[in-house]
Amino acid sequence: MQPPRFPFPPARYGLLLLIALLSWTRLTPCSSSKVSCSIGSNACSKVTRVLFCGPYFPASTNYTKEYLQSYPFIEVDEVGFEQVPDVIENYHICVVKNRKIDPDIIAKAIQMKIIMQYGVGLEGVDVHAATEYGIKVARIPGTLTGNAVSCAEMAIYLILGVLRKQKEMDTAVNQKDLGLPTGETIFGKTVLILGFGAIGVEIAKRLRPFGVKILATKRSWSEGTLPCDINGLVDKKGGPEDMYEFAGEADIVITSLLQTNETVKFLLVHYSYLLQQPGSYLVNIARGRLLDYKSVFDHLESGHLGGLGIDVAWMEPFDPEDPILKFPNVIITPHVAGVTEYSYRTMAKVVGDVALQLHSGEPFTGIEFVN
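Under mature numbering (1 follows the signal peptide of the UniProt record, and there is no 0), the residues of the sequence shown are numbered -32 to -1, 1 to 339, in order.
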């Protein structure tokens, strides 16, 4: 019996099959990426793209890439500040770090779905403009990631550093001195915490065993506005209107407020009230703009301010030639309060999960939307 005859040589059937498959693929809507099928110019792209803005805080990008290394359909890039406006149109998620995202940049983000912070502070993002363009804006709550704990530990470090005179100790070691300088204890001090959110609560938890009196201000103390039960943590609590009274008692003032237009204006107007006590200490782990540079400098120069410990500065990165560094009672760290292995790996997982959830169309977890 003769085998069936085909109109084409057998080798050509493989080529015809391949052509048919390619044609079917181009005509079939992609179902594996809910994100990219809805985003205009990258329709049916199977890649979700994440943009990290700027070269600083490199562990944020590195840890996120490491977390997503098994997911080739998620791309993570980092570009310099000046490149962001030129490339943002290609991305679906923007992690701002300390890059300002203004309306002009947002207008170019034609595929953007989420603008988020690798942490809490969103003062650099124009939330109103993002909302107008249909882009969600989110932060990563510090209570879930270790960010609040890490920042609280830095606050304790800075308090100890200024009280025990870290710079003078370094000088004594270099000069082969012993028994110098004479420092102060935290024990017996009255501490005012401005802003009693997640970070403020963690600071109070760590201060309490030192034997201090704790005062705290918060816009609202109503049930549901605190991350945990604070019974036994605070000796006296009040609102912004109580700051003047509390500052009159405080040996140490800690700012752990979110930076908003309202908090900046309020603190700059009332700054002199914060340091009523001669020799009081000031610690800032929130944002640099919350403190007035000239007032701080003048208080240091006059000797009224006993010490300054800051992890955030008026201009960042901080100028190593800034004259404020001439004072021996000033300690400045390079915005590393929240930069720990624990917090950064946890936040990398949050960013990675958000990218995976956006790609697959699943509900988002681990973030808090502000619009």
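From the three backbone atoms N, C-alpha and C, an ideal C-beta is built for every residue, glycine too.
In this structure, the straight-line span from the alpha carbon of I278 to that of V95 is close to 27 Å. Excluding sequence positions up to five before and after I83, its CB lies within less than 7 Å of the CB of C62, V64, I69, V93, A98, I103 and V105, all in the same chain and listed in chain order. Assignment of G22 by DSSP, reduced to helix, strand and coil, places it in the coil class. For V251, the uninterrupted beta strand (DSSP E) run begins and ends at S248 to N252, by DSSP. Our two residues, L19 and M122, have alpha carbons roughly 28 Å apart in a direct line. Rounded to whole angstroms, the separation of the alpha carbons of K157 and I220 is 7 Å.
Residues of the same chain with a CB within less than 7 Å of the CB of V52, apart from the 5 flanking positions on each side, are C21, R67 and I73 in chain order. Distance from the Cα of Q245 is smallest, within the candidate group E217, V264, F265 and L225, for E217.
For V93, there is no enclosing alpha helix (DSSP H), as DSSP marks it with neither H nor E. In this structure, Y312 places its C-beta atom within 9 Å of the C-beta atom of G306. Pairing P23 with N30, the inter-Cα distance amounts to about 11 Å. Boundaries for I278: no alpha helix (DSSP H) harbours it, while the beta strand (DSSP E) harbouring it runs L273 to I278, taken from the DSSP string. K181: not part of any alpha helix (DSSP H); member of the beta strand (DSSP E) spanning K181 to T185, first to last residue. The three-state reading of DSSP puts D287 in coil, since its state is none of H, G, I, E or B. The DSSP-derived three-state label of R174 is helix. The alpha helix (DSSP H) runs lying completely inside the stretch 35 to 81 and spanning 4 residues or more are 52 to 55 and 71 to 76, given in chain order. DSSP places L160 inside the beta strand (DSSP E), whose first and last residues are T158 to L162. Beta-bridge annotation (DSSP): T223 is paired with L162 and N252.
Bridge pairing for T16: I42 [DSSP]. Rounded to whole angstroms, the gap between the alpha carbons of Y249 and T153 is 12 Å. By the C-beta density criterion, F164 is buried, having at least 16 other C-beta atoms within 10 angstroms. In the DSSP assignment, A215 falls within the unbroken alpha helix (DSSP H) covering M211 to A215. Following the DSSP letters along the chain, one finds A305 in no beta strand (DSSP E), marked with neither H nor E.
The C-alpha of R17 is placed about 12 Å away from the C-alpha of K33. When beta bridges are read from the DSSP output, F337 appears opposite A106. Annotation: the continuous alpha helix (DSSP H) that includes G129 extends over N115 to L131. According to the DSSP assignment, K135 belongs to the alpha helix (DSSP H) that extends over Q134 to N142. Nearest neighbour of L131 by Cα position, chosen from P331, F155 and K317, turns out to be F155. The residue from F25, I299 and Q37 with its alpha-carbon nearest to that of F49 is F25. Assignment of V318 by DSSP, reduced to helix, strand and coil, places it in the helix class.
I161 and I198 do not touch by the CB rule: their CB atoms are close to 11 Å apart, not below 8 Å. Distance from the CA of I124 to the CA of V141, rounded to the nearest whole angstrom, comes to 23 Å. Scanning its chain for C-beta atoms nearer than 6 Å, with the 5 sequence neighbours on each side dropped, one finds around V202 the residues I182 and A184, in chain order. Contact check for V55 against A323 fails: the beta carbons are separated by 9 Å or more.
In the DSSP annotation of this structure, the continuous segment of the alpha helix (DSSP H) that includes K262 starts and ends at Y261 to S270.
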